[in-house]
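S.K.:
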Amino acid sequence: LNGIIPPEWGSMQLVNISLIGNRLTGSIPKEFGNITTLANLTLEYNQLSGVLPPELGNLPHIERIFLTSNNFSGELPGTLANLTTLKDFRIGDNHFTGKIPNFIQNWTNLEKLVIQASGLDGPIPSGIALLAKLSDLRISDLNGTEGTFPLLSNMKSLKTLILRSCNIIGRLPDYLGAMTKLKTLDLSFNKLTGEIPSSFVGLSNTDYIYLTGNLLTGAMPDWMLKEGDNIDLSYNNFTFDKSGPSICQPRSVNLFGSSSAGNTSGIVSCLRSIHCPRIPYSSFHINCGGREVAAVGNTRYEDDTDSGGPSRFFQSRTNWAFSSTGHF
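For the sequence shown, the numbering used here gives the first residue as 886, with consecutive numbering after it.
(1) Quick check on the burial criterion: 16 or more other C-beta atoms within 10 angstroms. Buried or exposed for M897?
(2) Got a sec, what are the start and stop residues for the beta strand (DSSP E) D1021 sits in?
(3) State the Cα-Cα distance for the pair N943 and F1123, rounded to the nearest angstrom.
(4) Looking at C-alpha atoms only, which residue of S1025, Q932 and R949 is the closest neighbour of L1046?
(5) If we require 4 or more residues per run, which alpha helix (DSSP H) segments fall completely within the stretch 1050-1118?
(6) Does the beta-carbon distance from S1050 to F1074 come in below 8 Å?
(7) Rounded to whole angstroms, how far is the Cβ of E1048 from the Cβ of L1072, which I believe are closer than 8 Å?
(8) Among G1113, F1125 and T1097, which has the Cα closest to the Cα of S1119?
(9) Using a 10 Å radius around the Cβ and a threshold of 16 neighbouring Cβ atoms, would you call L1106 buried or exposed?
(10) Are there 16 or more other CB atoms within 10 angstroms of the CB of D1059, so buried, or fewer, so exposed?
(11) Grab me the residues of P938's own chain with a C-beta within less than 8 Å of its C-beta, minus the 5 sequence neighbours each way, in chain order.
(12) Could you tell me if L1005 is buried or exposed, where buried requires 16 or more neighbouring beta carbons within 10 angstroms of its beta carbon?
(13) I'd like to know whether the C-beta atoms of L909 and L886 end up nearer to each other than 8 Å.
(14) Less than 6 Å between C-beta atoms, sequence neighbours within five positions excluded: which residues of the same chain meet that for G906?
(15) For Q932, which of helix, strand or coil comes out of DSSP?
(16) If the criterion is Cβ atoms closer than 8 Å, does the pair P1010 and N987 meet it?
(17) Who are the near neighbours of P1082 in its chain, counting only those whose CB is closer than 7 Å to its CB and skipping five residues on each side?
(18) Note down, in chain order, each residue of its chain lying with its Cβ closer than 6 Å to the Cβ of V999, except the 5 sequence neighbours on either side.
(19) Note down the Cα distance separating L971 from N1028, rounded to an integer number of angstroms.
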């Protein structure tokens, strides 16, 4: 489908509107605010633009608003504070402006909140602490000022917590270790400092833990090194002694560049943030996804048979390597 959304729909008593994955353009008709029976509004993956009409705040029974992957802009209208029946709100991959509004604290029935790469600024508002029913919280790529870790200790049902690249400073809170229902914890690319709390042993059954690209220090917990799976601690400032890891990928724990610049004695080089000791290659050849292949002349395509995946460091001989984080 292409074209605009008909404003005439605003006179119909609809419960569900789903137009996902089309080529719709234009804006959301303000007349949608008249559909007082509407429970689900799904407009993801289109080419819609403009600001959200304030009239959307007139929907007394709305439970789900999905606006991901469009071209919406402007600030979220204050009238959305009225949507106390909301259970699921997703606005990632857009061009909104302004800060994440504190009125989200009114959405106390919310179970899922996705504000990934939305264009909004931080910091994460303190009112988010009131959303005790959340099981899935995803915020990423916030512009604006720094902020400390939000208070989320009331969220006993959290299964997914993603606060990636949110300009969060300070220490990791101890209470995260008590969130034993967590399956995914992604706090990568912030400015978190200090040691990993001992309480994090409570997350030993979490499927994915990403602490990539922070300023964490101290020793790594033994359980992460010996029992951890799908854990990424790369690009931090941890310290190791000579009995530390002998490789940068024990089990499925990525330790590449995880040691501070001053901690260089007696540890393997890939644990440090160092420059390549050789003159950079102007070109080299990789047989992506396949085995080594000899081609015409002296050209040889190196094998690339590693399966990759989350929290992965892989080095192919001495010529190239990759470090990955996250799962999509």
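Ideal Cβ placement from N, Cα and C applies to all residues, glycine included.
Just so you know, these numbers come straight off a predicted model, no measurement behind them.
M.R.: Reading it off the structure:
(1) exposed
(2) Counting along the chain, the beta strand (DSSP E) containing D1021 begins and ends at D1021 to S1025.
(3) 51 Å
(4) S1025
(5) Within the stretch 1050-1118, the complete alpha helix (DSSP H) runs of at least 4 residues are 1107-1112.
(6) Result yes, Cβ atoms of S1050 and F1074 sit closer than 8 Å.
(7) Glu is not the amino acid found at residue 1048; the sequence shown has Leu there. Correct: roughly 6 Å between the Cβ atoms.
(8) T1097
(9) Looking at the sequence shown, residue 1106 is not Leu but Pro. Buried, because 16 or more other Cβ atoms sit within 10 Å of the Cβ of P1106.
(10) exposed
(11) S912, I913, P914, K915, F917, G918 and P962
(12) buried
(13) yes
(14) Y930
(15) Coil, per DSSP.
(16) yes
(17) Within the same chain, Cβ atoms closer than 7 Å to the Cβ of P1082 are found at L1057, D1059 and G1062, the five residues on either side in sequence being excluded.
(18) R975, G977 and R1023
(19) Just so you know, the alpha carbons of L971 and N1028 end up roughly 25 Å apart.
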